[in-house]
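To start, the structure itself, in structure tokens.
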Amino acid sequence: MFQKWIGSQLKNPKGPLSKWVGRYMEKGNHAINDWTISLLNSNGNDTILEVGIGNGSTLSRLAQRNILGKNYGVDISEEMVKVAMRKNRKHLNAGVVDIQVSDIESLPFKNDFFDKVFTVHTIYFWDDIGRGLSEAYRVLKPNGRLLLSIMDKSKMELMERTTDFKLYSIKEIESNLMQRGFKDIRIHLRAGFCCLEAKKIGS
Numbered sequence: 001m002f003q004k005w006i007g008s009q010l011k012n013p014k015g016p017l018s019k020w021v022g023r024y025m026e027k028g029n030h031a032i033n034d035w036t037i038s039l040l041n042s043n044g045n046d047t048i049l050e051v052g053i054g055n056g057s058t059l060s061r062l063a064q065r066n067i068l069g070k071n072y073g074v075d076i077s078e079e080m081v082k083v084a085m086r087k088n089r090k091h092l093n094a095g096v097v098d099i100q101v102s103d104i105e106s107l108p109f110k111n112d113f114f115d116k117v118f119t120v121h122t123i124y125f126w127d128d129i130g131r132g133l134s135e136a137y138r139v140l141k142p143n144g145r146l147l148l149s150i151m152d153k154s155k156m157e158l159m160e161r162t163t164d165f166k167l168y169s170i171k172e173i174e175s176n177l178m179q180r181g182f183k184d185i186r187i188h189l190r191a192g193f194c195c196l197e198a199k200k201i202g203s
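Using the UniProt record's numbering, the first residue of the sequence shown is number 1, and each one after it goes up by one.
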């Protein structure tokens, strides 16, 4: 029962326990989040978007690395966005962080805007993977990169909480990336986790 409830909350934390869910996600995802940030290989002056910021902890750590750039974050949970804004108040006031309520399928940004877009453990909750990837492609600059981190499908299938998740194999995601125009797809593996890195080719 608890695992099913957690699974339902991970997509869109809400209610009196939403802050606890945010801390739960922060603790459980800390390693894969930091790994994904390292794979961004930011030069410190990038325009970067995190999709699915939770309580904003990863966005805060990113802002400390990408100190001369601009770090954007979106989440579909209004409660998580409020928590993330409090956690990132210093960065918001300094103008290095911007946080909004949104999902991957309708991003409130202009075309060719970001150097890098990344998301961790969110693809399972997208209503339409094709539309989500197309939106990521749209907002990336030419030669911009998308990093999409997940847990191995075979491991997730064993978890009670993932019963209602949309689980994809690496090959399925890779195929969807290619269908949406992404090129130069690279696959990074680490201890049961995978990060698919793809580039928007253009001039």
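Every residue gets a Cβ at the ideal spot worked out from N, C-alpha and C, and that includes glycine.
Selection from the options that minimises the alpha carbon distance to residue i
i	options	result
Val-120	Phe-114, Glu-78 and Ile-104	Ile-104
Phe-193	Gly-181, Met-151 and Ile-201	Met-151
Asp-112	Leu-133, Pro-142 and Asn-45	Pro-142
Asn-93	Glu-50, Lys-70 and Glu-79	Lys-70
Ile-99	Ile-37, Met-178 and Asp-75	Asp-75
Lys-155	Tyr-168, Leu-146 and Asp-46	Tyr-168
Asn-43	Val-101, Leu-68 and Glu-79	Leu-68
Ser-149	Asn-88, Gly-130, Ser-175 and Thr-122	Thr-122
Strand pairing of residue i, partner residues [DSSP]
i	result
Asn-71	Ile-48 and Val-97
Met-80	The partner list for Met-80 (beta bridge, DSSP) is empty, contrary to what the question assumes.
Ile-150	Cys-194
Where residue i falls: helix, strand or coil (DSSP)
i	result
Arg-180	coil
His-121	coil
Gly-144	strand
Ile-187	strand
Lys-199	strand
Asp-115	strand
Gly-130	helix
Leu-62	helix
Ser-169	coil
Rounded Cβ spacing between residue i and residue j (contact assumed at less than 8 Å)
i	j	result
Val-139	Leu-107	5 Å
Phe-118	Thr-47	That pair is no contact at about 12 Å.
Ile-37	Arg-65	7 Å
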